[in-house]
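For the sequence shown, the working numbering gives the first residue as 10, with consecutive numbering after it.
C-beta: ideal position from N, C-alpha, C; glycine also.
Remember, it's a predicted structure, so these values are computed and weren't measured experimentally.
The structure appears below as structure tokens.
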Amino acid sequence: MKSSIIDNVKSLPPLSATIVKINQLYSDENSTVKEMANAIENDPMIVANILKIANSPLYGFGREIRNAAQAVGLFGMNMTRSIAIGNSVRKLLNVDMQPYGVTSDEFAHISSLQATFVLNWYKKIDRHKAEKLYLAAFLQETGKILIASEVIQNDEAISFASEVENSNNLAMVEKAYSNATCGEVTALVFKHWGFESDFIEMIKYSDNPSLAPHEVKEYSTALNIVKTIIPINKPFSEMSINFGLKTAKDAGYNVEFLQTTINDMLELM
10 MKSSIIDNVK SLPPLSATIV KINQLYSDEN STVKEMANAI ENDPMIVANI
60 LKIANSPLYG FGREIRNAAQ AVGLFGMNMT RSIAIGNSVR KLLNVDMQPY
110 GVTSDEFAHI SSLQATFVLN WYKKIDRHKA EKLYLAAFLQ ETGKILIASE
160 VIQNDEAISF ASEVENSNNL AMVEKAYSNA TCGEVTALVF KHWGFESDFI
210 EMIKYSDNPS LAPHEVKEYS TALNIVKTII PINKPFSEMS INFGLKTAKD
260 AGYNVEFLQT TINDMLELM
């Protein structure tokens with residue numbers, strides 16, 4: 010990894026007081042949904058983002074969600090935490106995704122798609138693992154923000170964007186320009202912010218799950234399949250879907266569960 014990226018990670022400001030409070034509540038088994046709702050109500054941007062996601066067709070709640078308490082009650086504490094952290098991280102990092110050929114809103118949408126996809130897919134396998142994967146899928150592309158910034162600073166945005174547009178392996182392109190994959194940069198970011206080690210490890214190896222430690226290999230593999238099917242440059246393209254299905258089959262997954270999830274997501278888009 011380039012020293013400039015490492016330096017940029019080290020200089021990142023701390024997470025907001027709201028996110029610190031949310032993490033404390035999430036870690037406290039005696040905390041309540043009401044306390045979580047009260048915590049996020051202090052940040053209008055987080056509330057707006059949670060309500061926007063809650064009212065999207067991807068979740069199909071069937072009625073308009075009007076306030077934070079409703080949203081937290083429906084999402085639960087884990088998913089609420091994930092959405093809040095994702096929103097805050099993108100705000101902190103001042104997103105400019107031009108080198109990847111998407112806007113900041115499109116980048117946020119793809120992150121949400123990846124999280125929703127892994128939740129819907131893994132609920133068919135193991136609900137506890139699904140909820141654990143949701144946060145990782147929602148945040149696993151965070152490193153792309155720092156890689157994009159590095160590319161822009163080095164005046165390589167045009168060549169990088171050209172390679173991204175035509176690539177079926179974004180990790181390889183990222184490695185060539187920054188000497189690190191998105192997963193590796195993302196892991197460094199969340200290590201800097203003091204997140205739990207298994208969360209960091211599953212993202213770190215998401216671009217190369219074969220190298221992952223045994224205890225997180227399944228999670229890293231699942232994240233890899235999700236980003237293969239929904240890459241930032243070709244989400245849900247025929248080629249991306251075929252690559253993802255093959256990767257899942259090779260890893261021993263029930264491909265029917267995955268195909269059903271793909272079909273269901275495509276119907277909502």
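| query | result |
| --- | --- |
| Secondary structure of Asp52, DSSP reduced to three states | coil |
| Beta-carbon gap between Ser120 and Phe147 smaller than 8 Å | yes |
| Asp273 to Ile212 span [Cα, whole Å] | 26 Å |
| Proximity to Lys30 [Cα-Cα], best of Ser171, Ala93, Val18 | Ala93 |
| N-terminal and C-terminal residue of the alpha helix (DSSP H) that Glu183 is part of | 179-187 |
| Contact under 8 Å by Cβ, Phe169 with Pro108 | yes |
| With 16 other Cβ atoms within 10 Å as the buried cut-off, status of Ile55 | buried |
| Cutoff 7 Å; reference Ile250; Cβ partners in own chain excluding five residues on either side | Ile238, Ile271 |
| Sufficient close CB pairs (3 or more, under 8 Å) joining the segment 187-197 to the segment 143-160 | yes |
| Closest Cα partner of Ala57 within the set Ser20, Gly71, Gly95 | Gly95 |
| First and last residue of the uninterrupted alpha helix (DSSP H) at Ala260 | Unbroken run through Ala260: none, as it is neither H nor E. |
| Of the residues Phe116, Lys138, Ser113, the one placed nearest Thr230, counting alpha carbons only | Lys138 |
| Sequence ranges, beta strand (DSSP E) only - wholly within the segment 205-273, length at least 3 | none |
| Given Val264 as reference, the closest of Asp164, Ala145, Ile134, Met88 once Cα atoms are compared | Ile134 |
| 8 Å Cβ cutoff met for Thr125 and Leu220 | no |
| Neighbour-count burial assignment, Arg75, 16 or more Cβ in a 10 Å radius | exposed |
| Check whether Leu267 and Phe245 have beta carbons under 8 Å apart | no |
| Distance between beta carbons of Ala26 and Ala46, contact taken as under 8 Å | Contact flag wrong, Cβ pair sits at about 16 Å. |
| Pick from Ser12, Lys19, Ser13 that is closest to His201, judged by C-alpha positions | Lys19 |
| Coil, strand or helix - Asn96 by DSSP | helix |
| Simplified DSSP state of Gly110, which is helix, strand or coil | coil |
| Ile134, DSSP secondary structure in three states | coil |
| Delimiting residues of the alpha helix (DSSP H) encompassing Val160 | 152-162 |
| Inter-residue spacing [alpha-carbon to alpha-carbon] between Phe199 and Ile209 | 6 Å |
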